[in-house]
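Notes follow once the structure below has been shown.
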Amino acid sequence: MKKNGLGFLLQYLRKRRGLSLRELSQLSQTDHAYIYRLERGEKEAPSTDVLHRLLRALKVDHREAEMLRFLAAHPDTAQDLVAETLNDSTVTYDVFAAAAGAAFRGGARPNYAQLLARVRRILSEENGNG
């Protein structure tokens, strides 16, 4: 099973903090096997309580916390979009969420950098900044 956006972000945040699965398990009081399944995409949509404990243990910033909450509710979000968002710290949560909701047609792989730029431009115009 291919890792989803939720699993990708969870693993990224855990590794960035330098935690093993067992260490995150202890800090968050969550079964390490469950965290492993979340990271692998075998489990989706953790409860609000589990998500809160993971966020607290991972010590994430506001944008990453909002992204993780979004991904828990939308586990089918592409991990490539999450990776592109993480690579560009100027991408706000609102831009990320709007881009994640975009529908793709055809078989071509979406260019997430272009998508994020388009969404940013559209949101800027809607807010009277463009």
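Per my numbering, the very first residue in the sequence shown carries number 26; after that it's consecutive. C-beta: ideal position from N, C-alpha, C; glycine also.
> Do the segment 75 to 90 and the segment 51 to 67 touch if we need at least three Cβ pairs shorter than 8 Å?
Replying inline: They touch, by the three-pair rule.
> Taking just the CA atoms, how far does L140 sit from A58?
Replying inline: Between the alpha carbons of A58 and L140 lies a gap of roughly 35 Å.
> What residue does the alpha helix (DSSP H) around S149 start on, and which one ends it?
Replying inline: Taken as a continuous stretch (DSSP letters only), the alpha helix (DSSP H) holding S149 covers Y137 to E151.
>> Here's the rule I'm using: 16 or more other beta-carbon atoms within 10 Å means buried, otherwise exposed. How should G30 be labelled?
In response: With 16 or more neighbouring CB atoms inside 10 Å of its own CB, G30 falls in the buried class.
> Which residue spans inside the segment 29 to 86 form an unbroken beta strand (DSSP E) run of at least 3?
Replying inline: Considered as a whole, the segment 29 to 86 harbours no complete run of any beta strand (DSSP E) with no fewer than 3 residues.
> Quick one, which of A103, L49 and D101 has its alpha-carbon nearest L80's?
Replying inline: Scanning A103, L49 and D101 for the CA closest to the CA of L80 turns up L49.
> In its own chain, which residues sit with a C-beta less than 7 Å from the C-beta of E89, not counting the 5 before and 5 after it?
Replying inline: Short of 7 Å from the beta carbon of E89, and not among the five residues preceding or following it, lie these beta carbons of its own chain, in chain order: L38.
>> Cutting at 7 Å between CB atoms, please list the residues of its own chain near G32, excluding the five before and the five after it.
In response: The residues are L63, E64, R65 and G66.
> V107 by DSSP, collapsed to three states: which one?
Replying inline: Assigned with DSSP and collapsed to three states, V107 falls in helix.
> Going along the chain, which residues of its own chain have a beta-carbon closer than 7 Å to the beta-carbon of A82, five neighbours each way excluded?
Replying inline: Shown here for A82: same chain residues with a beta carbon closer than 7 Å to its own, the five before and five after excluded, namely L49, L52 and S53 in chain order.
>> With distance defined between alpha-carbon atoms, name the residue in A124, P71 and V107 nearest to R145.
In response: For the residues A124, P71 and V107, the minimum Cα distance to R145 belongs to A124.
> Considering only the beta carbon of each residue, do D105 and Y137 sit closer than 7 Å?
Replying inline: The answer is yes: Cβ separation under 7 Å.
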